[in-house]
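Chains as they are written, first to last, in our numbering: chain C, 1 to 285; chain H, 1001 to 1285.
In structure tokens:
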């Protein structure tokens, strides 16, 4: 079945109200398009759990910094629509910038604390853009639940916090990272990589595995683990570390001693392409 | 009929979902309680236009500055509930601070530009508190429309802007100022006034009337009008001007020359009590 394509807020809200009033549930997958297996995994979860699946495709300009890749961010709506149809998406919400940020737009939704470190530190204003667009789009789509990928671990926690704090009446579901056969986390930005960079990009996942094995061998000092990860990543010729951190899995605050549930997260430039990856672990005590 | 009193977000959302699914409309009057005729006017509008009327009573701490009157803000829930019953309110949403701002709350909704002048300039952070609590409470009550009083003119415009920007699916209705017989705008804070202050407080409304009559006599220079207003207010012994301004009625930007729809707004301390008032006028061109 071909998904219905909705481009205006008014039409989407009217349709969502109709669905909710009829007693059906809406599962929502917000994306920036250029769909890959990671997105399809999110859609499949929504398809299983909801009566109606809404996918949004919107490259949100306010979450890109001035020196980031907004202009060249990959887009292919026809292809995305075809994949969405194959996965049984019912509605694609596909608004324009004018629709989302009309003349005179002046409102920001900000989540503090959780946004201070990791990607929040390297990308000032990024999470304000993310939380503001998510608040908007949740009010437009009115889903019962929305699904985010664990690859963007900080984003998922920040949005969950916003939903809780603003009493948005929906559930945030966080789905596991989907990887290429060789371990590279799926990302729309992988398309930027040259063959050499594509090879070096494996260092992200491999450094996380290295960390896991060091911790398995009873290392509990985060500085030691981080140092080994850094050395490994820096041994590749096209990589440049943005950050490598070990933080508490809930508060995202850096920790000195490994205990409880922790998130090991990193952002690395491979050539000019900034990639992220992470793993959640709970070292045996 | 005695209104149902709901104290938790979960119970309120469940009830609102039930009402909306049944096809009924919700009219909402958010207040900080200590109800007066101004509030009752808002409730009557809601009662006329909606199937179900929800009144919230919550003294929101985050919209008070550190040196403001949060601790002594007047409260009388039993009396409020009695008035609400008389006016046919169906539900009173009456949450605690712990319910609205649980441990770990870190989110802010901010509206720029419209919040820069007038009360926004004198009360830093005030409107962040207002917009954040309104975003929350709208998500909890899920009204079709919410009614605010024109007395808080800037607040009404700021909230309307937030609703537009965040695509909240409700209408903001702005109701006229309700006054005492002698012209003083109704306010829960009027209870703070001593008899002398109560008399001097008439200067707010009278200075607005003075401005109207000067403009009627073809004065178009805002500085001239403002100067006469200031002199009038300062002639009273217990008054101290916080601000007196003439601004564009939509953008709230100060204007030099009177033309189009303008808002004349003022905040004046009468003794220790800060009161506000305003008038919307459109000088004949």
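Glycine is no exception: its CB is placed at the ideal position from the N, C-alpha and C atoms.
Restricting attention to H:1120, H:1075, H:1101, H:1275, the CA atom closest to the CA of residue 1110 of chain H is found in H:1120.
It is roughly 39 Å from the alpha-carbon of residue 204 of chain C to the alpha-carbon of residue 12 of chain C. In the three-state scheme derived from DSSP, where H, G and I count as helix and E and B as strand, residue 1038 of chain H is classed as helix. At least 8 Å separates the CB of residue 7 of chain C from every CB of chain H. Against chain C, the CB of residue 1261 of chain H has no partner CB under 8 Å away; the residue lies outside that interface. Contact annotation for residue 1051 of chain H against chain C: no contact, minimum CB-CB distance about 14 Å [criterion: below 9 Å]. The Cβ atoms of residue 148 of chain C and residue 133 of chain C do not sit closer than 8 Å to each other. Contact annotation, residue 1052 of chain H with residue 1019 of chain H: C-beta distance approximately 5 Å; criterion of less than 8 Å satisfied. Interface with chain H (8 Å Cβ-Cβ cutoff): residue 114 of chain C is included. In this structure, residue 117 of chain C keeps its C-beta atom at 8 Å or more from the C-beta atom of residue 62 of chain C. Per DSSP, the unbroken alpha helix (DSSP H) holding residue 131 of chain C starts and ends at 126 to 141. At least one C-beta of chain H is nearer than 8 Å to the C-beta of residue 167 of chain C.
At a cut-off of 8 Å between C-beta atoms, residue 139 of chain C counts as an interface residue with respect to chain H.
Note that the C-beta distance between residue 107 of chain C and residue 1049 of chain H is not below 8 Å. Setting aside the 5 residues that flank it on each side, residue 222 of chain C is surrounded in the same chain by 246, 254, 255, 256, 257, 258, each with a C-beta closer than 8 Å to its C-beta; the list follows chain order. Less than 8 Å separates the beta-carbon of residue 27 of chain C from that of residue 46 of chain C.
Judged by DSSP secondary structure, residue 258 of chain C falls outside any alpha helix (DSSP H); it is assigned neither H nor E. Looking at the DSSP output, residue 1014 of chain H bridges to nothing. Residue 143 of chain C sits buried, since 16 or more C-beta atoms from the chains shown fall within 10 Å of its C-beta.
Excluding residues up to 5 positions away in sequence, 1145 lie with their Cβ nearer than 6 Å to the Cβ of residue 1171 of chain H in the same chain. For the region 26 to 91 of chain C, the continuous alpha helix (DSSP H) assignments of 4+ residues that do not extend past its boundaries occur at 37 to 49, 77 to 86, in sequence order. Under the DSSP definition of a beta bridge, residue 243 of chain C partners with C:267. Look at residue 172 of chain C here: in three-state DSSP terms it is strand. When DSSP reads this structure, residue 280 of chain C sits in a beta bridge with C:263.
Residue 182 of chain C and residue 214 of chain C have their alpha carbons spaced roughly 21 Å apart. Proximity of chain H to residue 62 of chain C at the Cβ level (cut-off 9 Å) is not reached, the minimal Cβ distance being about 12 Å. In terms of CA proximity to residue 168 of chain C, C:136 leads the group C:150, C:136, C:180, C:179.
DSSP places residue 109 of chain C in the strand class (E or B) of the three-state scheme.
Residue 1281 of chain H is positioned such that its CB atom lies closer than 8 Å to that of residue 1262 of chain H. The beta strand (DSSP E) runs lying completely inside the region 158 to 211 of chain C and spanning 3 residues or more are 171 to 175, given in chain order. With a threshold of 8 Å between beta carbons, residue 1162 of chain H makes contact with chain C. Between the C-alpha atoms of residue 1270 of chain H and residue 1073 of chain H there is a straight-line separation of about 16 Å.
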